[in-house]
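Below is one structure; the comments refer to it alone.
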Amino acid sequence: MLFFSQRAIRALVIVQTRPFRYPHFLIGKIIQRLSVQPNGKPLHATVAVIKSIIEYQFLVKFHVSIPFFDFRFFTIGRKYVKFKVNDRWKCSKITQKIFFPLFSFCISLNFIYLTQNKNQLRAQMTGHKIKQFVLFFLLFSLPPGIFAQQVVLSRQVELTGNKIIYRANYSEPHRPGVGLVLSGGGSRGMFHIGVLKALEKHHIPVDLIVGTSIGSVIGGLYASGYTPDQIARIMKSINWKDIYRDETQRTALYMGQKGEQDRYLLPIRFNHGKPYIPEAYSPGQKILNLLTDLVLKAQYQAVNNFDNLKIPFRAVCTDLVSGKLVTLKDGDLAEAMSASSSFPLLFSPVHRDSMLLVDGGLRSNLPVSVARRAGVGLVIAVDVSSDLRHLSEISAPWEIVDQATTIMTVLSKRLESQSADVLIHPKLGHILNSDFNKIDSLIRLGEEQAEKYIPAIQKLLKEKTRQPVMNCAIDSVIVTGVSTLPVDLYTRLRIFSDRKLTEKDLLQDVDLLAGYGEFQQVTVRLDTSDDLHILSVNLRPWPVLNEIEIRGNHQYPDSALLKLFSLRTGQRFNHALLQNDLARLIHKYRNDGFSLALIRSLTWTPGQNRLTITLDEGTIKNILVTGNLKTKDIIIKREFLFQKGKVFNYKSVARAIQNTYATQLFKRVGVDFKPVKDGYDLVVKVEEKSSVLLRLGGKYDTERRAQVYLEFGDENLLGRGVRLMANTRFGNRDLDLGVNLRNDRILTTYLTFNLNMYYHKELNPYTGWDGNRGGYRETRLGLRLQVGQQVRRIGQLVFELRQEHIVDSTWYGAFTRPQDIELRTFAIRAVTDKRNRIDFPTRGIYNYWAFESGNRLVLETKEVYTKALVNLEGFYTFRKVGTWHLRMFFGLGDKTMPFSENFRMGGLDNFYGLHQNEYFGRQMIITSVEYRRKLPFLANSDNFLFKNSYLSVRYDFGGIWENPNLVFTSEDFFSGVGVSFSLETLFGPLHLAYGRTTRGTSVAYLSLGFSY
16 MLFFSQRAIR ALVIVQTRPF RYPHFLIGKI IQRLSVQPNG KPLHATVAVI KSIIEYQFLV
76 KFHVSIPFFD FRFFTIGRKY VKFKVNDRWK CSKITQKIFF PLFSFCISLN FIYLTQNKNQ
136 LRAQMTGHKI KQFVLFFLLF SLPPGIFAQQ VVLSRQVELT GNKIIYRANY SEPHRPGVGL
196 VLSGGGSRGM FHIGVLKALE KHHIPVDLIV GTSIGSVIGG LYASGYTPDQ IARIMKSINW
256 KDIYRDETQR TALYMGQKGE QDRYLLPIRF NHGKPYIPEA YSPGQKILNL LTDLVLKAQY
316 QAVNNFDNLK IPFRAVCTDL VSGKLVTLKD GDLAEAMSAS SSFPLLFSPV HRDSMLLVDG
376 GLRSNLPVSV ARRAGVGLVI AVDVSSDLRH LSEISAPWEI VDQATTIMTV LSKRLESQSA
436 DVLIHPKLGH ILNSDFNKID SLIRLGEEQA EKYIPAIQKL LKEKTRQPVM NCAIDSVIVT
496 GVSTLPVDLY TRLRIFSDRK LTEKDLLQDV DLLAGYGEFQ QVTVRLDTSD DLHILSVNLR
556 PWPVLNEIEI RGNHQYPDSA LLKLFSLRTG QRFNHALLQN DLARLIHKYR NDGFSLALIR
616 SLTWTPGQNR LTITLDEGTI KNILVTGNLK TKDIIIKREF LFQKGKVFNY KSVARAIQNT
676 YATQLFKRVG VDFKPVKDGY DLVVKVEEKS SVLLRLGGKY DTERRAQVYL EFGDENLLGR
736 GVRLMANTRF GNRDLDLGVN LRNDRILTTY LTFNLNMYYH KELNPYTGWD GNRGGYRETR
796 LGLRLQVGQQ VRRIGQLVFE LRQEHIVDST WYGAFTRPQD IELRTFAIRA VTDKRNRIDF
856 PTRGIYNYWA FESGNRLVLE TKEVYTKALV NLEGFYTFRK VGTWHLRMFF GLGDKTMPFS
916 ENFRMGGLDN FYGLHQNEYF GRQMIITSVE YRRKLPFLAN SDNFLFKNSY LSVRYDFGGI
976 WENPNLVFTS EDFFSGVGVS FSLETLFGPL HLAYGRTTRG TSVAYLSLGF SY
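Residues in the sequence shown are numbered consecutively from 16, following our numbering.
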C-alpha cells in the first residue's frame, strides 16, 4: 500500500447546493465529516466527502495539495468528474500518462481500506470491494471533462480600423441569409414600402435586396440607409406627372438660351445628315438627378460596390444588345436604379460599357434567381406587377410596349415565383402603373398584407436555423468585475429570469452585455450537469475616458463636432454611445452636403485612455470626363473645377450637373467616384446629343396673323459650345432672316459674346398725334455685336455696337413719318430674368435696363440721339392659386431720337384697349397690376392638348408723349382695363382677351403660341 502522511496533504472543500432543494442539515453533515481528524488515515476526510456525494449528490470542489504536485478536481453526483491541473504545476505528457493512473490506483486502494474499518460504511461495502475498486479506478483515471459540461462564451470589444468590432470565441447559430426580392410595377411598387415596415416591425433580418424597376428604386434607397417612412415621404414629394419631362429649368439657362427655349416648340436633330429619331420620350435626366440627389444624401455610400451599403443590393436590368439579364452590383448607384427603371420608349437606355441597359422587367420582373445565385438561404419575394391592360388602356406607344412585355414575361415570372420561399402577391385591383395618387393606401395595404406572412417567415427562419441543444434552468449566477448592474440592463437579461434558458438566450445575453457599451470584455461560463447549472459572468468595464482627439476635420472645428458627442471625458468610456455619436457626426456631414465623409479609423490608447477619431472628409483630387465624343473636356470640366482639391459637396455638384445639362449638349449627365490615394477622382459621365438641329415654332394672333419660326445650325461648333445658327420668321406682316454666332460662356470665364447679322421687315398700324390713322412698312438691315458678362444664370450685362440701315415707308392711309437712315449706336444693356416660366409665371422677376446713344464723334453717325429705359416686373403667387403681376415701365429719349427708335404702346401684353404698337413717342410711362387665377377647369389635366386654364384681369395706367416732358398733367394719362381667358396647350399659350381704354377705344385679342 502507498500512503501519504497527513502533514503532506490538506484538503479544501467548497460545497454548493441548489437553493431549497436539499435540507440544510445535509450541508452541516458534510462539514461535520470534514472536521473529523483521522488517525493515520490521511485521505479519510476526502473519502467521507465522496461518500456524502454518493448519498446526496452534492457538487463538491476539492483543492488537494501534495508535495511536488498540485491539482484540482471536482465531482458532480455519482457520475461526473472534471480534473484540472493548476496553472502553477506544469506536467509532461509522460507524467500525465504514468503518474495520474498510478495515483488514482493508490486512492482507490486507500478508499477500500478505509471503508473496511468504518462501521457506517461496512454494510454498503461488503461484497463490493472488487466492484468499487474498478469503479474508483475508472472514476479517477478517466480524462478530464469527459462527463462534465462547460460552456464558455466571450466577447471582446475592439476599436479596429473604422469600426467597433465585437470579437467572439464562438460562432453565432447559423441563420440562413434572407434575400428580399422587389418586383417592378410602377406606382404599385409603393406596396413595397409597407412590406419593409412590417419586416422591420417584427425584426425580420434582410441580408440582400434585389430589385427591378421601381423595386430597385425603393430597394436601393432602403439599402442606402433610408427608413420606410423616409422613403414614403420621398415618394409623395415627387411630382410624378412631370418625372418624364426633361426640360431644363428656365432658371438654369443663360439669357440667350432662355429666348430659344421660350419660342421654339419642336427640335429635330440630325446625325450624319439624317434626321435623328429620339430613343424615347425622355432621356431620363430628371429621374437621374433625383436619384443622384437622394443617393448622395444617404447615410451609406457605395463608393466601390453595392456590398458597402447598409444592406447589400443588386439592381436588375436588361441589356438590349445581348438580350441578357444584367445584375448591377457596383458603379454609380443612382445610374443603376435609373437603368433598372428605364422603361423602353418612355426613358432612354442607359449606356454602360458596351451595353444598353433598360428596365429589368423585360427579362425578369421578379428576379428570385438573382437572389438564389447570391447564396441566400431564404427568399422573400414581393410581386406587385399588374395584370394585362384593358383595351381602353392601350393607346400610347409605351403602353403597347408594357402590354407586350407583360405577355412575354408571364412564364418567367411564374417560374421565378415558384422558387421563392415566401411569395407576397397582393390583389391590388385595377390600379394602373402610372397612378401615383394612392401612395398612402398602397403603403398601408403593403404593411397589412405582409403581416399575414410574418408567421410563415418566422417559422422558416426557425426551421433553417441551427437550433440550440441546451435547455436548462440556472441554479445560481455569479457576477464578477462590477459591483452592480444598471437596472435597465438587469431587467433585459434572460439569465436572471425564472424560465429555462437555451443556447440562443445565452448568446443574446452576451450580445446584450457587449452591446450595452460599458464593458470592454464579457465572459460567460456555464458549468452544467444533469442536475446543477452554475453560471459565472465576468465583466471587464472600460476605463475612464481622459481625452477625445479628432483628426482630419477641415470643414468644422473640433468644438463643433464634440458638441455632437454624448461621450464625456472624466466618465467611463462607452462604445455604444460612441457608435451613436459617430452616426450623428456623419449625419451632420451628410446634411451639409459632404457625401463622401467617413470615419477613417478609431484608435483607443491604453494607459492614456485616449480616443482618437480620424476622419476622411472626401477630398476630390482630379476631375475626369467620360462619354464625350465631340465636346472638349474643358466645356464639361469648367462646371466642376471648383471641386478640385476641395472636399466633395453634393449640393454644389448637383448644381454643376444641372448647369452642364443646361448647355443642352447632352442627353444625360451624371457623376461617379474613383478612390485614389488620399481622396477620390470625380468622374463626370456624359452622353452627347447630336449638335446639328432644326427648331420649329409658330404663332397666330389677331395683330400679326400667322407666323412660322425656323432655326437651323450647329449648337456645338468645334466642340466648344459655340452656337452658329441661321434663323427666319415669316408671316403675313413679318419677315426675319438672320445668322447668329453666340457663345454663352467663353472657356472657363463668364464672358459672353453674340454676333448677329439680320434683315427684318414688318407692317405696323399708325396713329398720328393729329388723330390720323394708317399703317407703315419698316425694314432693317444690320449688324449687332454684343460682348458682356453673365451674371450667374439670372442675367447679364452687355456692351453693344450696332450698325443698321432703316427704311420706314407708307403701307396704307396717313403715314407722315417716312425715313431712310443709317444708325451707328453704342448701348449698355442689363437684364435680370428669374421667372420660372415664360407663358404663365408664378414667381420671379424680370428687370431690363438700357442706355443707348448715337455718337457722332466716336461712331461718325449722322443720327445723334440718346435714350434710356427701365422695365421692372414681378410675379408673386399666394396659396398656389392666385398670382399677382406688377409692372412699371419708364422710357425717355431726346428730341433727336428717330421715329424708328421711338417707344411703342399698345397690345395684349403691353396696354389693353390698343392695337400692338399703335402709339409711339419719345417718352412713355406704363404701370400695370394684373391678377391671374388658375381655374379648376382642366387643372393639372392629363389631356394631351390642354392642361391648365386661367382667368386674369389687368389694369393699365400710363401715358406717352411725342417729345420728352417731365411736367405732367392728368390729361396726359389714360387707363386700360382688360380680361383674359387662357389655356396651356400643346402649341403654347392660348389667350382670348378683351380690353378697353378710358379714351373709348377697345380691342378683342386672340393669340396662340409663343412670341418671337
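C-beta atoms are modelled at their ideal positions from N, C-alpha and C, and glycine is treated no differently.
On a predicted model such as this, the values are computed, not experimentally measured, just so you know.
Let me check understanding here. Comparing Cα to Cα, which of Leu-838, Gly-859, Gln-722 and Trp-784 lies closest to Thr-831? On the sequence shown, position 816 is the one that residue 831 refers to. For the residues Leu-838, Gly-859, Gln-722 and Trp-784, the minimum Cα distance to Thr-831 belongs to Trp-784.
From Gly-452 to His-445, what distance separates their C-alpha atoms? What you label residue 452 is simply residue 437 of the sequence shown in a count that begins at 1. What you label residue 445 is simply residue 430 of the sequence shown in a count that begins at 1. Before going further, note that residue 452 is Asn rather than Gly in the sequence given. Their Cα atoms are separated by approximately 13 Å.
By Cβ distance, which residues of its chain are closer than 7 Å to Tyr-291, with the 5 residues on each side in sequence left out? Here residue 291 refers to the residue found at position 276 when the sequence shown is read from its first residue. Residues of the same chain with a CB within less than 7 Å of the CB of Tyr-291, apart from the 5 flanking positions on each side, are Arg-284, Phe-285 and Ser-705 in chain order.
Gln-586 versus Gln-623: straight-line alpha-carbon distance, rounded: Here residue 586 refers to the residue found at position 571 of the sequence shown. Here residue 623 refers to the residue found at position 608 of the sequence shown. A direct Cα-to-Cα measurement between Gln-586 and Gln-623 gives close to 14 Å.
Rank Leu-733, Gly-608 and Leu-195 by C-alpha distance to the C-alpha of Asp-648 and give the top, closest one. Position 633 of the sequence shown, counted from the start, is the residue given in the question as residue 648. Taking only the C-alpha atoms, the option nearest Asp-648 is Leu-733.
For Arg-719 and Asp-729, I'd like the C-alpha separation in whole angstroms. On the sequence shown, residue 719 is found 704 positions in, with the first residue counted as 1. On the sequence shown, residue 729 is found 714 positions in, with the first residue counted as 1. The straight-line gap from Cα to Cα measures roughly 30 Å.
Would the region 236 to 248 and the region 643 to 662 be scored as touching if the rule is three or more Cβ pairs under 8 Å? At 8 Å Cβ cutoff, the stretches do not touch.
Just the Cα atoms here: how many angstroms apart are Ile-510 and His-207? Position 495 of the sequence shown, counted from the start, is the residue given in the question as residue 510. Position 192 of the sequence shown, counted from the start, is the residue given in the question as residue 207. Taking the Cα positions, Ile-510 is about 38 Å away from His-207.
Rounded to whole angstroms, what's the CA-CA distance from Thr-1016 to Phe-988? Just pull it up for me. Along the sequence shown, one-based indexing puts residue 1016 at 1001. Along the sequence shown, one-based indexing puts residue 988 at 973. Cα to Cα, Thr-1016 sits roughly 14 Å from Phe-988.
Can the beta-carbon of Val-307 be found less than 8 Å from the beta-carbon of Asp-374? The residue given as residue 307 occupies position 292 in the sequence shown. The residue given as residue 374 occupies position 359 in the sequence shown. Note that residue 307 is Thr in the sequence shown, not Val. Not a contact, by the Cβ cut-off of 8 Å.
Between the C-alpha atoms of Arg-760 and Tyr-676, what's the straight-line distance to the nearest angstrom? The residue labelled residue 760 in the question sits at position 745 within the sequence shown. The residue labelled residue 676 in the question sits at position 661 within the sequence shown. One C-alpha to the other measures close to 14 Å.
My assumption, with CB atoms under 8 Å, is that Ser-943 sits in contact with Arg-919. Please give the rounded CB distance. As a working note, residue 943 is residue 928 in the sequence shown. As a working note, residue 919 is residue 904 in the sequence shown. Not a contact, Cβ separation roughly 15 Å.
Stretch pair the region 883 to 903 + the region 860 to 867: three plus CB contacts closer than 8 Å: The answer is yes - the region 860 to 867 touches the region 883 to 903, with three or more Cβ pairs under 8 Å.
Could you tell me which residues DSSP puts in a beta bridge with Ile-562? Here the question's residue 562 lines up with position 547 in the sequence shown. One detail in the question is off: residue 562 reads as Glu in this sequence, not Ile. Paired residues: Arg-625.
Going along the chain, which unbroken runs of the beta strand (DSSP E) with 3 or more residues stay wholly within the region 539 to 610? For the region 539 to 610, whole beta strand (DSSP E) runs of length 3 or above, ordered along the chain, are 548 to 556 and 562 to 566.
Would you mind listing the beta strand (DSSP E) stretches within the region 810 to 854 that are 3+ residues and don't spill past its ends, in chain order? Fully enclosed beta strand (DSSP E) runs of 3 or longer: 810 to 828 and 834 to 848.
Checking the sheet assignment: what are the DSSP bridge partners for Thr-1000? For the purposes of this step, residue 1000 is identified with residue 985 of the sequence shown, where counting begins at 1. Answer by DSSP bridge pairing, in chain order: Phe-961 and Gly-1003.
Among the residues of its own chain, which have a CB less than 8 Å from the CB of Glu-564, if the five just before and after it don't count? In the sequence shown, counting from the first residue as 1, residue 564 sits at position 549. Excluding residues within five positions, the ones whose Cβ falls inside 8 Å are Arg-625, Leu-626, Thr-627 and Ile-628.
Do Val-391 and Glu-431 have their CB atoms nearer than 8 Å? Numbered from 1 along the sequence shown, position 376 holds the residue referred to as residue 391. Numbered from 1 along the sequence shown, position 416 holds the residue referred to as residue 431. Not a contact, by the Cβ cut-off of 8 Å.
Please report the straight-line C-alpha distance between Asp-436 and Leu-521, rounded to a whole angstrom. Numbered from its first residue, the sequence shown carries residue 436 at position 421. Numbered from its first residue, the sequence shown carries residue 521 at position 506. Each residue's Cα considered, the two are about 30 Å apart.
DSSP state of Thr-242 mapped onto helix, strand, coil: For this step, residue 242 is matched to residue 227 along the sequence shown. Residue state, collapsed to three classes: coil.
Residue environment, Thr-110, which counts as buried when at least 16 other CB atoms sit within 10 Å: Your numbering for residue 110 matches position 95 in the sequence shown. Since pLDDT at Thr-110 reaches only 43, below the 50 mark, its modelled position is unreliable, and no value is offered.
For Gly-897 and Gln-931, I'd like the C-alpha separation in whole angstroms. By one-based count along the sequence shown, residue 897 stands at place 882. By one-based count along the sequence shown, residue 931 stands at place 916. One Cα belongs to Gly-897, the other to Gln-931, and the distance between them is close to 27 Å.
DSSP puts Phe-657 in a beta bridge; with which residues? Numbered from its first residue, the sequence shown carries residue 657 at position 642. As computed with DSSP, Phe-657 is found in no beta bridge at all.
Per DSSP, what are the beta-bridge partners of Leu-393 in this structure? Taking the sequence shown and counting its residues from 1, one reaches residue 393 at position 378. Val-193, per the DSSP bridge assignment.
Sequence-distant residues of its chain with Cβ nearer than 8 Å to Gln-805 (five each side left out): By 1-based counting over the sequence shown, the position of residue 805 is 790. The beta carbon of Gln-805 sits closer than 8 Å to the beta carbons of Tyr-269, Met-270, Asp-759, Arg-760, Tyr-765, Leu-766, Thr-767 and Gln-811 from its chain, once the five residues preceding and following it are set aside; these are given in chain order.
If you draw a straight line from the alpha carbon of Gln-272 to that of Ser-667, how long is it in whole angstroms? Within the sequence shown, residue 272 is the residue found at index 257, counting from 1. Within the sequence shown, residue 667 is the residue found at index 652, counting from 1. Their backbone Cα atoms lie some 22 Å apart in a straight line.
Based on the DSSP secondary-structure assignment, which residues constitute the bridge partners of Lys-877? The residue labelled residue 877 in the question sits at position 862 within the sequence shown. Residue pairing of Lys-877 in beta bridges, as defined by DSSP: absent, with no partner found.
Please report the Cβ distance between Ala-267 and Gln-673, rounded to the nearest whole angstrom; I am assuming they are in contact, meaning their Cβ atoms lie under 8 Å. Here residue 267 is taken as the residue at index 252 of the sequence shown, counted from 1. Here residue 673 is taken as the residue at index 658 of the sequence shown, counted from 1. Taking a contact as a CB-CB distance under 8 Å, the pair Ala-267 and Gln-673 counts as one, their CB atoms being some 5 Å apart.
Three-state secondary structure (DSSP) at Arg-248? By one-based count along the sequence shown, residue 248 stands at place 233. Here Arg-248 sits in helix by DSSP.
Could you spell out where the alpha helix (DSSP H) holding Ile-638 opens and where it closes? Stepping through the sequence shown from its first residue, residue 638 is reached at position 623. First-last for Ile-638: 635 to 641, but that is the beta strand (DSSP E), not the alpha helix (DSSP H).
Asp-749 - partner residues in DSSP beta bridges: Working through the sequence shown from its first residue, we reach residue 749 at position 734. Answer is Glu-777, bridged to Asp-749.
Could you name the residues of the same chain whose beta carbon sits closer than 8 Å to that of Lys-682, not counting the 5 residues immediately before and after it, in chain order? Within the sequence shown, residue 682 is the residue found at index 667, counting from 1. Cβ within range, chain order: Pro-298, Gln-300, Ser-363, Glu-702, Glu-703 and Lys-704.
Any idea which residues DSSP pairs Glu-702 with across the strands? Locating residue 702 in the sequence shown gives position 687, counting from the first residue. Its beta-bridge partners are Arg-683.
Status (buried if at least 16 other CB within 10 Å, exposed otherwise) for Arg-894: Stepping through the sequence shown from its first residue, residue 894 is reached at position 879. Arg-894 sits exposed, since fewer than 16 C-beta atoms from the chains shown fall within 10 Å of its C-beta.
Would Phe-279 and Glu-999 be called neighbours here (beta carbons separated by less than 8 Å)? As a first step, residue 279 is located in the sequence shown; it is residue number 264 there, counting from the start. As a first step, residue 999 is located in the sequence shown; it is residue number 984 there, counting from the start. First, the residue type needs correcting, since residue 279 is Tyr and not Phe in the sequence shown. Tyr-279 places its beta carbon 8 Å or farther from that of Glu-999.
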